[in-house]
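Chemist: Chains A and B are the protein sequences, given in the same order.
Just so you know, we're using our numbering here: the first sequence kicks off at 6 and counts up by one.
Just so you know, we're using our numbering here: the second sequence kicks off at 6 and counts up by one.
Beta carbons: idealized from backbone N, C-alpha and C, even for Gly.
Remember, predicted model here, so these are calculated numbers, not experimental data.
What follows is a structure written as C-alpha cells; I'll ask about it next.
There are 2 protein chains.
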Amino acid sequence: MKEQTGKRIVNGLDVRKLKETIQAIGKTSSLGDFRFRIANEWQGGGLNQSTVKASSGAGQQFQERDGKFTMQADEPPILLSGDKAANPVEHLLHALAACVTTAAVYHAAAREIPLDSVESVLEGELDLQGFLGLDPNVPKGYKHIRMNVRVTGDLSEEQKRKVVQLGCEFSPVYNMVSKAVPITVEVLG
Amino acid sequence: MKEQTGKRIVNGLDVRKLKETIQAIGKTSSLGDFRFRIANEWQGGGLNQSTVKASSGAGQQFQERDGKFTMQADEPPILLSGDKAANPVEHLLHALAACVTTAAVYHAAAREIPLDSVESVLEGELDLQGFLGLDPNVPKGYKHIRMNVRVTGDLSEEQKRKVVQLGCEFSPVYNMVSKAVPITVEVLG
C-alpha cells in the first residue's frame, strides 16, 4: 500500500481521483462543504463513549457511516477512574497526529512524492491546577504540545521537512489546535 | 455507577479521593504536572494508528499504560480511503465531547451534585477548500463546532446549565480548541 505500484497509486491513494476531487471542488466550491458528527454518552465516572454519526459532503449524505464506529474515553486510576480507554487529552493527541500524517500523505501524493513511512511521537504537558480550578492563570489544556515526526523514503532531508511542513500547514486538526475555533454550546432542556 | 450509593461516591467518583487530590495539588503544585504521550504510525492511504504511551503525573510514571490502548484513524471513500475508522476530525469531536462530559461530571461530583445522564451531539463544519489549498482564506479546520448537551438528574434548568458551563470552563480539550495551543514540531532525520 505504501509503495507506488506503477500506475497512479501514490502513498496508497489514487492520484487521479485525488486530482479530480481537487478540480471538482475548485469548480464548484459548495462540493467542499462537509459536516462531521458524533454523539457522546456518559457511562459513569470518567468513562464515556462516542458514536460516529452520518456525515455529509460533496453534496451527498453518508448514512452508511451512522453508528459504524464507537470510541471510548476514560481516565486512569490516578485520575479516579477505571482506565478502560485513552483519556480525552490522549485522544486529542491521536486526532492531531492522525491529521498531520494524513495531510502529509495526501499532499505528498498530490505532488507524486512517494513515502515509505511516517511516524510521530507526541507529548502534551498539562498542569492539573488549571482543570481543578486551583489557579486561574494556569491553562486548562496543554501548555505545550511537542511532536516529533520521522518520514522515510527516497527523499532528501529538505524534502522530508517539506512533507512534514505540508502536513502541518494543511492539517485541519493542527490548524484547530494551534489557532482558535468558535464553539457554540447549547444546553438542551 | 451513575447513582449516589450513600457514602461518598457521586457520579461514579470517590469524592473523598477527588478532594484529597485537589488539596494535595493545591499544597504541592508540582504534583499537578502531567505528561500524556502517544505514538502514531502511518499504515497506508488515509489509515494510521496511535498507541498510548506511558504517562506521568503526581510525581509518578504510569509505565503500565504503555501500549495499553490503540486508536486508528482513516478516511471514508469520498475522501479516497477505506473507512476502517473514524477520521481525524471526528476523533477531535470525540476528544471534545469526552472532555466536556468528564469535566462536567468531575466538577459536579466535587460539588456533590449527582447526575443521571450526560449526552451530547456535536457537529463540525469543514470546507474542504481549506485542506486542499484551493482558497487560502478558508480555514483548514472546522469553521464552527456546534455542541448540544443534555444533562438529566434531579436538577433545576439553571443547575443543568451550570453543570454544562463547568464542563466547558474546565475541560482541557474545550479550552485547547476554543483558544490556541503552541505546538512545536521537530522533523527527525
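#1: Using a threshold of 8 Å, state whether the C-beta atoms of residue 59(A) and residue 42(A) are closer than that.
#2: Which residues share a DSSP beta bridge with residue 64(A)?
#3: Which residues does DSSP pair with residue 39(B) in a beta bridge?
#4: Does the structure place the region 45-59 of chain B close enough to the region 112-132 of chain A that three or more beta carbon pairs sit under 8 Å?
#5: Establish whether the CB of residue 7(A) and some CB of chain B are separated by less than 8 Å.
#6: Can you pull the DSSP bridge partners for residue 193(B)?
#7: Note down, in chain order, every chain B residue with its Cβ under 9 Å from the Cβ of residue 80(A).
#8: Assign residue 167(B) to buried or exposed, taking buried as 16 or more other Cβ atoms, counted over all protein chains shown, within 10 Å of its Cβ.
#9: Just to confirm the assignment, what range does the beta strand (DSSP E) spanning residue 53(B) have?
#10: Identify the continuous alpha helix (DSSP H) that holds residue 33(B) and give its terminal residues.
#11: Any idea if residue 54(A) is buried or exposed, counting beta-carbon neighbours within 10 angstroms, 16 or more meaning buried?
#12: Using beta carbons (cut-off 8 Å, strictly below), is residue 34(A) in contact with chain B?
#13: Does the Cβ of residue 112(A) have 16 or more other Cβ atoms within 10 Å, making it buried, or fewer, making it exposed?
#14: For residue 43(B), go through chain A and note every residue whose CB falls closer than 7 Å to its CB, in chain order.
#15: Out of 159(B), 189(B), 144(B), 147(B), which has the shortest C-alpha to C-alpha gap to residue 147(A)?
#16: Please report the distance separating the alpha-carbon of residue 67(A) from that of residue 74(B).
#17: Using a Cβ cut-off of 8 Å (strictly closer), state whether residue 134(A) contacts chain B.
#18: Does DSSP put residue 147(A) in a helix, a strand or coil?
#19: Tell me where the alpha helix (DSSP H) around residue 185(A) begins and ends.
#20: Smallest Cα separation from residue 98(B): which of 181(A), 154(A), 138(A)?
#21: Does at least one heavy atom of the ligand GDP sit under 7 Å from the Cβ of residue 67(B)?
#22: Say whether chain A places a C-beta atom closer than 8 Å to the C-beta of residue 11(B).
#23: Any beta-carbon of chain B closer than 8 Å to the one on residue 18(A)?
Modeler: So, from the listed chains and residues:
#1: One-based indexing of the first sequence puts residue 59(A) at position 54. One-based indexing of the first sequence puts residue 42(A) at position 37. Cβ atoms of residue 59(A) and residue 42(A): closer than 8 Å.
#2: Working through the first sequence from its first residue, we reach residue 64(A) at position 59. According to DSSP, residue 64(A) bridges with nothing at all.
#3: To locate residue 39(B), count along the second sequence from 1; it is residue 34. Residue 39(B) pairs with 131(A).
#4: yes
#5: Working through the first sequence from its first residue, we reach residue 7(A) at position 2. At residue 7(A) the pLDDT is 43, less than 50, meaning the model places this residue with poor confidence and gives no usable figure here.
#6: Taking the second sequence and counting its residues from 1, one reaches residue 193(B) at position 188. Residue 193(B) pairs with 155(A).
#7: For the purposes of this step, residue 80(A) is identified with residue 75 of the first sequence, where counting begins at 1. Simply 107, 111.
#8: Numbered from its first residue, the second sequence carries residue 167(B) at position 162. Answer is buried; the Cβ neighbour count reaches 16.
#9: Taking the first residue of the second sequence as 1, we reach residue 53(B) at position 48. Segment 52-57, the beta strand (DSSP E) holding residue 53(B).
#10: Along the second sequence, one-based indexing puts residue 33(B) at 28. Residue 33(B) -> no alpha helix (DSSP H), and no H or E assigned at all.
#11: For the purposes of this step, residue 54(A) is identified with residue 49 of the first sequence, where counting begins at 1. Buried, because 16 or more other Cβ atoms sit within 10 Å of the Cβ of residue 54(A).
#12: By 1-based counting over the first sequence, the position of residue 34(A) is 29. Residue 34(A) counts as touching chain B.
#13: The sequence position of residue 112(A) within the first sequence is 107, counting from 1. Looking at its Cβ environment, which holds 16 or more other Cβ atoms inside 10 Å, residue 112(A) is buried.
#14: To locate residue 43(B), count along the second sequence from 1; it is residue 38. Simply 95, 98, 99, 102, 127.
#15: For the purposes of this step, residue 147(A) is taken as residue 142 along the first sequence, with counting starting at 1. It is 189(B).
#16: Looking up residue 67(A) in the first sequence gives position 62. Looking up residue 74(B) in the second sequence gives position 69. In a straight line, the C-alpha of residue 67(A) is about 28 Å away from that of residue 74(B).
#17: Against the first sequence, residue 134(A) aligns to sequence position 129. Answer yes: the Cβ-Cβ gap between residue 134(A) and chain B drops below 8 Å somewhere.
#18: The sequence position of residue 147(A) within the first sequence is 142, counting from 1. Residue state, collapsed to three classes: strand.
#19: As a working note, residue 185(A) is residue 180 in the first sequence. Residue 185(A) -> no alpha helix (DSSP H), and no H or E assigned at all.
#20: Residue 98(B) sits at position 93 when you count from the first residue of the second sequence. Taking only the C-alpha atoms, the option nearest residue 98(B) is 181(A).
#21: The model on display carries no ligand, and the ligand GDP is accordingly not part of it.
#22: As a working mapping, residue 11(B) is identified with position 6 in the second sequence. Any reading at residue 11(B) must be qualified, since the residue scores a pLDDT of 49, below 50, and its modelled position is unreliable; the value itself is stated next. No, residue 11(B) does not count as interfacial toward chain A.
#23: Translated into positions along the first sequence, residue 18(A) becomes position 13. Closer than 8 Å to some Cβ of chain B, the Cβ of residue 18(A) qualifies, so yes.
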